[in-house]
Amino acid sequence: MRFRAKIVDLGCLNHFTRVSNTISKLAKTCTLRLSPDKLYFILSDKVANGGVSMWCELGQGNFFDEFQMEGVAADHNEIYLELTPENLSRALKTAQNAKTVKIKLTNKHCPCLTVAVELPSLSSSSRIVTHDIPVGVIPRKLWTDFREPTVPDFDVSIYLPVLKTMKSVVERMKNLSSHVIIEANLKGEMNLKIETDLVCITTHFKDLGNPPWASEDASQDRDSENMAEARIDIKKLLQFLAGQQVNPTKALCNIVHNRIVHFILLHEDVSLQYFIPALS
Amino acid sequence: MDRLVPPSHDEGACIGTNERARRAEARPRPSAREGTRPWVRARRVGREQEAGRRKAGEGQAGAGDMKCLVTGGNVRGKCGATARGGVGGHNLCPLTPAPFRSAGQGRSLAVAHRRRVVLRATGGRALASHRERIPARLSPASCLRRFSSSTTRRPGPPQGQPPRCKVLMKSFLSVFRSLAALEKTVERCCIALSTENSRLVIQLHCKHGVTKTHNLSFQECESLQAVFDPALCPHLLRAPARVLVEAVSPFSPALSEVTLGVSRGRRVVFRSYLEEDTDAARAMMTEMSLSEEEFQQLQAQEGASITFCLKEFRGLLSFAESANLLLNIHFDVPGRPAIFSIEDSLLDGHFVLATLSQSDLCSQEPCRPGQGTHSTTHLDDFANDDIDSYMIAMETTVSEGAAVTPRTPSPVSEEEAEPNVVPGTPPLKKFRSLFFGSVLAPTESPSEPNPVLAEDSEGEG
């Protein structure tokens with residue numbers, strides 16, 4: 001098992017840093033899956049995570065100037081690592097104006113993902129910072145736990161409003177309630193609702209548009225005004241809205257009535273999916 | 001030494017205006033793990049030393065009380081800076097009794113001694129695990145316009161004894177809080193010890209005849225004297241504070257100790273030090289390596305290294321950086337105190353930090369820089385890009401059912417790893433005695449677990 005990657009371009013480095021910051025905001029520990037073309041940050045739905053799961057996919061070619069890896073076996077050319085994204089994000093923070101950043105798999109006191117940063121200095125020779133991030137190597141028999149989640153058979157799919165606006169709305173709602181009801185219909189309308197003993201607040205978003213999914217059969221027979229709703233933990237929603245730093249070109253949300261809300265953020269070279277289960 | 005009101009007339013020290021106290025607020029909080037162990041012992045030793053000093057001081061006239069005055073921008077930055085430097089690390093309390101400490105009160109010790117104002121800070125933790133002292137002196141010639149101290153006439157304290165008192169750091173700093181305002185308005189600052197009503201009086205004489213008077217309560221106290229001599233330290237590292245600030249910036253704020261060493265190729269290496277009880281498989285190790293050229297002086301052979309408290313170091317760095325000073329680090333073998341000194345025409349400060357002793361470091365052998373271990377090997381990586389030279393093929397997990405422990409993310413194991421620790425118990429540290437070595441027999445230095453005298457409540461970590 002070998003892995004080594006190098007980033008030279010500052011733009012790529014910043015982008016990768018933003019992705020890793022996002023991941024660190026969304027998960028305490030996650031799985032990093034390395035394959036020859038792509039990197040994945042995966043949080044599988046465990047009870048410990050409150051049922052939340054995440055799937056983030058990056059094309060390596062868009063980030064790394066060099067990317068070499070050798071997986072477990074020729075027919076399974078992949079590496080699965082368990083990692084604390086916070087560490088990765090902290091390591092990359094020191095690489096803000098780096099000349100070069102190398103990320104490699106090493107075996108030190110334990111298996112580590114080593115981030116080596118070459119920083120400019122006052123003298124002719126560079127400063128070098130290395131961070132050894134301990135990782136756990138996930139054996140192949142457990143790989144099946146980290147399969148890509150299927151897009152649920154949703155009732156309504158809708159584009160999200162500007163995430164910043166949505167964030168500031170949810171931020172305020174969080175002060176009043178610990179749950180939020182997110183509902184949407186096929187006419188491009190979405191509502192965020194909280195209901196407490198004292199107050200009911202609804203924020204209405206209009207003309208958001210519904211993405212054209214290829215298989216529309218399930219949602220076709222729906223009354224377009226009929227709302228599909230899910231009551232979710234407001235903290236989880238806010239964590240997602242506040243934590244994301246990928247500036248997506250498209251953001252959409254799929255709602256399975258009273259079951260799950262599935263968020264998708266799309267960027268040229270990153271896609272992030274986030275699942276929040278509905279509460280009864 | 002228990003008198004609270006020294007019988008004498010007023011005296012005062014006047015310090016120049018335009019102090020910069022702005023950093024005062026930026027002090028890092030002491031971490032919860034800092035214990036309060038050996039203060040009782042410290043106190044005893046303090047008394048012994050005190051007695052010795054008293055003897056030495058006898059026969060000297062005019063050491064009774066103090067009064068000093070400084071004007072203009074002469075000591076610009078000094079008072080505030082000194083206070084700030086002291087505070088930079090932590091709270092300041094020399095021999096504060098436990099109740100004060102548990103209340104989390106920082107205290108400072110302001111001593112007038114032989115025509116010098118000495119601000120001395122000792123952390124609560126200083127007397128515990130780290131034993132650090134921050135004496136900073138203002139030399140009277142340059143920064144104090146007038147300094148007078150009068151011999152006490154009435155019975156009470158022994159003759160020739162300089163007044164020694166401690167004030168609450170917080171209240172002292174609040175006087176110099178707003179730097180901008182101070183610089184604009186204050187023309188003269190007068191510090192006087194009013195023994196009539198037991199107050200340290202700080203008067204800020206401002207423009208337009210405005211005078212602001214602050215009366216601070218104080219306590220007489222004893223002082224601990226650090227036993228150190230930079231000249232005895234064989235190793236010296238000198239660099240602008242700025243370089244060192246950048247060198248420690250990659251380290252996590254939560255990290256408590258850092259190892260500084262000279263590694264292969266005479267590169268200066270900072271490396272995070274993991275405590276014994278930390279799980280190496282969870283903690284991130286960080287290492288910063290700088291070329292010798294970035295230092296003004298590097299007088300240490302390869303392999304030399306010391307481990308000391310990062311928080312204290314950050315505190316003194318922020319002080320030194322604000323004044324654009326060079327920092328000298330005098331150090332010796334692990335376990336001997338390291339002396340960090342700064343100096344300019346008006347101020348010289350010595351920050352004495354304990355270092356971890358050899359026996360502690362031995363358990364962390366692979367983590368020490370300069371030992372020719374892995375830590376130095378990847379320095380060459382940037383020149384040498386051969387993938388096989390450093391990428392270690394790890395045991396693969398293809399063989400099903402092999403003796404591979406599946407490392408699934410399990411919060412359960414995290415709980416299991418936590419032993420039953422009484423909250424507030426400071427971790428056992430084997431610091432070699434810094435201040436007491438000269439007084440106590442070596443066998444008495446704290447090598448065995450010290451009992452916890454009081455629960456630490458000064459920080460939540």
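Chains as they are written, first to last, in UniProt numbering: chain A, 1 to 280; chain B, 1 to 461. From the three backbone atoms N, C-alpha and C, an ideal C-beta is built for every residue, glycine too.
Candidates 135/A, 137/A, 84/A, 159/A, of which the one nearest residue 252/A by Cα: Locating residue 252/A in the first sequence gives position 252, counting from the first residue. Distance check between residue 252/A and each of 135/A, 137/A, 84/A, 159/A places 159/A closest, using alpha-carbon atoms only.
How do the region 246-264 of chain B and the region 341-354 of chain B stand: do at least 3 beta-carbon pairs fall below 8 Å, yes or no? Segment contact: the region 246-264 of chain B against the region 341-354 of chain B, fewer than three CB-CB distances shorter than 8 Å; contact not assigned.
Verify the CB distance criterion: does residue 19/A have a CB-CB separation below 9 Å to chain B? Walking along the first sequence from the start, residue 19/A turns up at place 19. So, not an interface residue.
First and last residue of the beta strand (DSSP E) that includes residue 277/A? The residue labelled residue 277/A in the question sits at position 277 within the first sequence. Here the beta strand (DSSP E) through residue 277/A covers 270-277.
Are residue 272/B and residue 127/A touching if we call contact CB-CB under 9 Å? Counted from its first residue, the second sequence places residue 272/B at position 272. Counted from its first residue, the first sequence places residue 127/A at position 127. Contact flag unset, no.
Does the pairing of the region 240-254 of chain B with the region 307-324 of chain B give three or more beta-carbon distances under 8 Å? Between the region 240-254 of chain B and the region 307-324 of chain B, the count of C-beta pairs closer than 8 Å reaches three or more; the two stretches touch.
Which residues, taken in chain order from the region 270-285 of chain B, show a beta carbon closer than 8 Å to some beta carbon of chain A? Result list: 280, 281, 282, 283, 284, 285.
Per-residue contacts from residue 257/B into chain A (C-beta, under 8 Å): Sequence index remark: in the second sequence, residue 257/B carries index 257 (1-based). Correct list: empty, because the minimum Cβ distance to chain A is about 17 Å.
Would residue 235/B and residue 330/B qualify as a contact pair, given that the criterion is a beta-carbon distance under 9 Å? For the purposes of this step, residue 235/B is identified with residue 235 of the second sequence, where counting begins at 1. For the purposes of this step, residue 330/B is identified with residue 330 of the second sequence, where counting begins at 1. Contact annotation: residue 235/B and residue 330/B have beta-carbon atoms nearer than 9 Å.
Counting only C-beta atoms, is residue 243/B closer than 9 Å to chain A at any point? Here the question's residue 243/B lines up with position 243 in the second sequence. For residue 243/B, the nearest beta carbon of chain A is closer than 9 Å to its own beta carbon.
Does any residue of chain B have a CB that is nearer than 9 Å to the CB of residue 9/A? Position 9 of the first sequence, counting from 1, holds the residue named residue 9/A. It does not; no Cβ of chain B falls within 9 Å.
Do the region 242-249 of chain A and the region 185-196 of chain A meet, that is, are 3 or more Cβ pairs less than 8 Å apart? In this structure the region 242-249 of chain A does not lie against the region 185-196 of chain A, because fewer than three pairs of beta carbons, one per stretch, are closer than 8 Å.
Using the beta-carbon of each residue, which ones in chain B are nearer than 7 Å to residue 132/A? The sequence position of residue 132/A within the first sequence is 132, counting from 1. One finds 284, 285 in chain B with Cβ atoms closer than 7 Å to the Cβ of residue 132/A, taken in chain order.
For chain B, is any of its Cβ atoms less than 9 Å away from the one on residue 90/A? Walking along the first sequence from the start, residue 90/A turns up at place 90. With 9 Å as the cut-off, residue 90/A counts as an interface residue toward chain B.
Tell me, please, which residues DSSP counts as bridged to residue 229/A. Translated into positions along the first sequence, residue 229/A becomes position 229. Per DSSP, 183/A.
Less than 8 Å between the CB atoms is what I'm expecting for residue 224/A and residue 167/A, so what's the real figure, rounded? The count along the first sequence starts at 1 and reaches residue 224/A at position 224. The count along the first sequence starts at 1 and reaches residue 167/A at position 167. About 28 Å separates the CB atoms of residue 224/A and residue 167/A; that is not less than 8 Å, and the two are not in contact.
Assuming residue 270/A and residue 19/A form a contact by the criterion Cβ under 8 Å, report the distance between their Cβ atoms to the nearest whole angstrom. Taking the first sequence and counting its residues from 1, the one referred to as residue 270/A is at position 270. Taking the first sequence and counting its residues from 1, the one referred to as residue 19/A is at position 19. By a beta-carbon distance limit of 8 Å, residue 270/A contacts residue 19/A. Their separation comes to about 6 Å.
Is the region 39-54 of chain A touching the region 104-114 of chain A in the sense that three or more CB pairs, one from each, lie closer than 8 Å? Inter-segment contact for the region 104-114 of chain A and the region 39-54 of chain A is absent: fewer than three beta-carbon pairs are separated by less than 8 Å.
If we ignore side chains and look at the alpha-carbon of each, how far apart do residue 95/A and residue 135/A end up? For the purposes of this step, residue 95/A is identified with residue 95 of the first sequence, where counting begins at 1. For the purposes of this step, residue 135/A is identified with residue 135 of the first sequence, where counting begins at 1. Looking at the two C-alpha atoms, the distance is approximately 20 Å.
Taking only the alpha-carbon atoms, compute the straight-line gap between residue 295/B and residue 139/A and give it to the nearest angstrom. Counted from its first residue, the second sequence places residue 295/B at position 295. Counted from its first residue, the first sequence places residue 139/A at position 139. Across the structure, residue 295/B and residue 139/A are spaced so that their CA atoms are roughly 47 Å apart.
Under 8 Å Cβ to Cβ from residue 211/B, same chain only, skipping five residues before and after it: list those, please. Start at 1 with the first residue of the second sequence, and residue 211/B comes out as number 211. Closer than 8 Å at the Cβ level, and outside the excluded window around residue 211/B, lie 203, 204, 205.
State yes or no: is the beta carbon of residue 33/A nearer than 9 Å to at least one beta carbon in chain B? Start at 1 with the first residue of the first sequence, and residue 33/A comes out as number 33. With 9 Å as the cut-off, residue 33/A does not count as an interface residue toward chain B.
In whole angstroms, what separates the C-alpha of residue 226/A from that of residue 232/A? Position 226 of the first sequence holds residue 226/A. Position 232 of the first sequence holds residue 232/A. So the alpha carbons of these two residues sit roughly 19 Å apart.
What does residue 87/A touch in chain B if you count any residue whose Cβ is under 8 Å from its own? Position 87 of the first sequence, counted from the first residue, corresponds to residue 87/A. Ordered by position in chain B, the residues that pass the 8 Å Cβ test against residue 87/A are 284.
Would residue 136/A pass as an interface residue toward chain B - the criterion being a Cβ-Cβ separation below 9 Å? As a first step, residue 136/A must be located in the first sequence, where it is residue number 136. At a cut-off of 9 Å between beta carbons, residue 136/A contacts chain B.
Kindly list, in the order they appear in chain A, the residues whose Cβ is closer than 7 Å to that of residue 250/B. Position 250 of the second sequence, counted from the start, is the residue given in the question as residue 250/B. Within 7 Å of the CB of residue 250/B, the CB atoms of chain A belong to 94, 129, in sequence order along the chain.
Taking the straight line between their C-alpha atoms, what separation do you get for residue 279/A and residue 169/A? Here residue 279/A is taken as the residue at index 279 of the first sequence, counted from 1. Here residue 169/A is taken as the residue at index 169 of the first sequence, counted from 1. C-alpha separation (whole angstroms): 20 Å.
Is the beta carbon of residue 151/A closer than 9 Å to that of residue 79/A? On the first sequence, position 79 is the one that residue 79/A refers to. On the first sequence, position 151 is the one that residue 151/A refers to. Not closer than 9 Å, so no.
Which residues of chain A have a Cβ atom closer than 9 Å to the Cβ of residue 305/B, listed in chain order? Here residue 305/B is taken as the residue at index 305 of the second sequence, counted from 1. Those within 9 Å of residue 305/B in chain A number zero; the least Cβ separation is about 17 Å.
Quick one: list the residues of chain A neighbouring residue 495/B, beta-carbon separation under 7 Å, in chain order. For chain B, the structure presents residues 1 to 461; residue 495/B sits outside this window and is missing.
Residue 254/A bridges to which residues according to DSSP? Residue 254/A sits at position 254 when you count from the first residue of the first sequence. Looking at the DSSP output, residue 254/A sits in a beta bridge with 157/A, 262/A.
Buried or exposed, going by whether 16 or more other CB atoms sit within 10 Å of the CB of residue 253/B? Residue 253/B sits at position 253 when you count from the first residue of the second sequence. Residue 253/B is exposed by the Cβ-count criterion.
Quick check: is the beta carbon of residue 12/A nearer than 9 Å to any beta carbon in chain B? In the first sequence, the residue the question calls residue 12/A occupies position 12. No, no contact with chain B.
Going by the beta-carbon positions, is the gap between residue 481/B and residue 91/A smaller than 9 Å? For residue 481/B there is no data in the structure shown, the boundaries of chain B being 1 and 461.
Comparing the C-beta of residue 144/A with each C-beta of chain B, is any distance below 9 Å? Looking up residue 144/A in the first sequence gives position 144. For residue 144/A, the answer is no, since every Cβ of chain B falls outside 9 Å of its Cβ.
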